[in-house]
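Reading through the structure tokens given below for one structure.
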Amino acid sequence: MNNSSTSISSSDGVVGETEAGEERRLFGIDAAPGIAIGPAYLYAKVSFDVQRRVLTAEELQNEPSRFEEAVRRSERDLNKIIDVTRDKLGEDSAVIFEAQLLMLRDDALYSSVLTYITEHEVNAGYAVHKVMSKHRKVMEASDTEYLRERATDLQDIQDRIVRHLRRGQILSAIDPETIVVAESLTAADMILFSRKGILGCATDFGGPTSHVSIMARALGLPAVVSMHSVTEKVETGDMLILDGISGELIVNPVDETIKRYRTRKERYARLLQEEKQLVPLAAETIDGHRVGLEANLELREEIPLLKEYGAEGIGLFRTEILLLMEGRLAISEDEQFTIYKKVVENTAPGPTTFRVLDLGGDKLLPMAHREHNPFLGWRGIRVLLDKPDILVPQLRAILRASLFGPTRILLPMITSLSEIESFGEIFEGVKNKLKTEGTAFDSSIPIGAMVEVPSVALMADQFAEVVDFFSIGTNDLTQYTLAVDRGNDLVAKLYEDLHPAILQMIKRTVEAAERADIPVSLCGELATNLRAVPVLIGLGVQTLSASPVYLPAIKRVIRAMTLAEGKELADQALTSGSAVEIRQMLDQWLDEHAIGVSFFLNRDESST
Ligand code: PEP
Ligand code: MG
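Following the working numbering, the numbering of the sequence shown begins with 1 at its first residue and continues without gaps.
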């Protein structure tokens, strides 16, 4: 990722375009490494969903039930939203959604859509668009304010139904072996597309630590984000080269370029293979200081990667991704238990750190309550403490799984000590209930806090008294400390996770952990920024947790440094005035030590 942030590229967030002959080069932020060569698939959300398509006789037969299914799912969403709104904001606010629910099931609307489908032999998305837009226009033109306001609700319903219709539609329409080009994608889109076998993706929006980028890395799909207007410059079928290491997209490359990139792709694959020779070796500095290397996991499918890339445990299991994949707000306790047990068994004797659901932010579920500023809103522990019906089954499932190997629980988006206290009360209740039922579990399971909001880093001494471990989440710590939205491409250049202020926060946290004698790890994407590794070790971070594929390269850096060097770099960085200065100093150190990771940092001139 360009900018200061993570592992790859040092091209300082250059976003733009150059032209040579027929081929065009577009630049963005390298979000997930790898190289893909193939045709483009332009994923234009709106037009795709409501585009008119004449159906075959067979399709026409299924279309009414597809529509019914989308309405049913929308109904389920709305019921959830009504529940949550009633809980949080009271009955008055819930009334809006109750009205939407009634409109959704309005007989006249419903049957008009069905009639439109059969009479015009078209897709449900188009029928919904035509019928609802007509009704909406009537409402918008009304003299009554009440009716004019309801027009927005109708738009909401239309969007909701179309979104559900889209889910199934995308899968049948998208071509495998293509590079998806889109304005923006969600983590859920990424999962859907990867199942279809796409080669990679390029987007107008998004930042290096937005969850779509994290998912692309987890899925092993090259991605370039923050390209600003890639959707205007690429057509479906254009030949593309996507370089997720340098953050480039080449449109309609000439043969010579394709040849060069095939070589680069092979070289990257070879390098990854070579890196694997480091897997059996210890993550230890030259002077014998051991560092823990653990994995960040999002998907069950990644479990085999732990052994493949030499992870000693799971430092962060983002459990909320399970829900995003399912597209529902709750997975039953038993379903969760089955998954968690498998993960714990496979990771043992290493530990598994389950982060309880970090819902909200950019990990919005389709049924989530809409907020103007979700990253500063109802997110992580705030949701869980308000909704014990979501938290309790998850805690029960984790506790039951804890019998099968070392397990830890990590709390997301902690800001205040009172949250730990409230969590503790719920947790005690859950443990007591399990005991009464005679269900066995590990009663000494450690509870940790994410250090991802400045208040926790600033009060680290007090927090260290009430939790068993810290995990520093630099992705959020950076956005909350520097006031830079991690997913907003307009400010991506300001997202500097090597900013001296972030390093100060890390230092403060580590020192508090040392004083209280509790472990401290770092699981933000900063751990994958190879130039940052010596400083993090020097600051005293004991364990780094990252996507498995990055672990060997991180280990290479650790094995090439001494702890004393790390400390010296950390001291210098802490007194630096800017991230740019810190980055230059660290790059110089890497150059002097010829560690052989320049390709991964996109600093390798001979690489194309
Ligand atoms: C973080 O904020 O650094 C983190 C690891 O959590 P997430 O990226 O899921 O917000
Ligand atoms: Mg976070």
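Built from N, CA and C at the ideal position, the CB exists for glycine as well. Only a predicted model underlies this, so the values are computations on that prediction, with no experimental measurement involved.
- In the three-state scheme derived from DSSP, where H, G and I count as helix and E and B as strand, G315 is classed as strand.
- When C-alpha distances from E235 are compared across L411, R160, H120, Y43, the shortest belongs to Y43.
- The beta carbons of I472 and G524 sit about 6 Å from each other, so the pair counts as a contact at 8 Å.
- In this structure, M413 has its CB closer than 8 Å to one or more heavy atoms of the ligand MG.
- Closest in alpha carbon position to A546, among V50, V356, N296, is N296.
- Assignment of beta strand (DSSP E) within the region 505 to 536, counting only whole runs of 3 or more residues, yields 520 to 522 in chain order.
- Proximity of the region 453 to 466 to the region 526 to 542 falls short of the contact definition, fewer than three beta-carbon pairs being nearer than 8 Å.
- In the three-state reduction of the DSSP assignment, S65 falls in the helix class, which pools H, G and I.
- Between L359 and the set H372, A348, R379, P374, the nearest pair of CA atoms involves R379.
- In this structure, the C-beta of M450 approaches the ligand MG to less than 8 Å from one of its heavy atoms.
- Under the three-state reduction of DSSP, R400 is assigned to helix.
- In terms of Cβ geometry, V467 and T407 do not form a close pair [threshold 9 Å].
- Collapsing the DSSP output to three states places P388 in a helix.
- Going by beta carbons, V453 and L477 fall inside the 9 Å limit.
- V533 sits close to V557, with the two beta carbons spaced by under 9 Å.
- Around the beta carbon of S332, fewer than 16 other beta carbons lie within 10 angstroms, which makes this residue exposed.
- Put simply, the region 491 to 510 does not touch the region 432 to 444. Fewer than three CB pairs are less than 8 Å apart.
- Going by C-alpha positions, I502 is about 8 Å away from T474.
- With contacts defined by Cβ atoms closer than 9 Å, G487 and G207 form a contacting pair.
- Under the three-state reduction of DSSP, T257 is assigned to helix.
- C-alpha of L272 to C-alpha of V356: approximately 32 Å in a straight line.
- Taking every protein chain shown into account, the CB of G237 has fewer than 16 other CB atoms within 10 angstroms, so this residue is exposed.
- Nearest to R66 by alpha-carbon distance, out of R25, A31, Y110, is Y110.
- Counting only runs of at least 3 residues, the region 215 to 291 fully encloses the following beta strand (DSSP E) elements, listed from N- to C-terminal order: 223 to 225, 239 to 243, 248 to 251.
- Assigned with DSSP and collapsed to three states, N346 falls in helix.
- Residue state for G377 is assigned as coil, using DSSP reduced to three classes.
- Taking the Cβ of N475 as the reference point, at least one heavy atom of the ligand PEP falls within a distance shorter than 8 Å.
- Annotated as distal: V230 and V212, with beta-carbon spacing of 9 Å or more.
- Taking a contact to require three or more Cβ pairs closer than 8 Å, the region 557 to 570 and the region 273 to 292 qualify as touching.
- Burial check for R52: the Cβ neighbour count within 10 Å stays below 16, so the residue is exposed.
- Under a 10 Å Cβ-count criterion, L376 is classified as exposed, with fewer than 16 other Cβ atoms of the shown protein chains found around its own Cβ.
- Less than 9 Å separates the beta-carbon of L281 from that of R559.
- At least one heavy atom of the ligand MG is found less than 8 Å from the C-beta of D358.
- Around the beta carbon of N62, a 10 Å sphere encloses fewer than 16 other beta carbons of the protein chains shown; the residue is thus reported as exposed.
- Per DSSP, the unbroken alpha helix (DSSP H) holding G429 starts and ends at 417 to 437.
- In terms of side-chain proximity, the C-beta atom of L316 is found nearer than 8 Å to a non-hydrogen atom of the ligand PEP.
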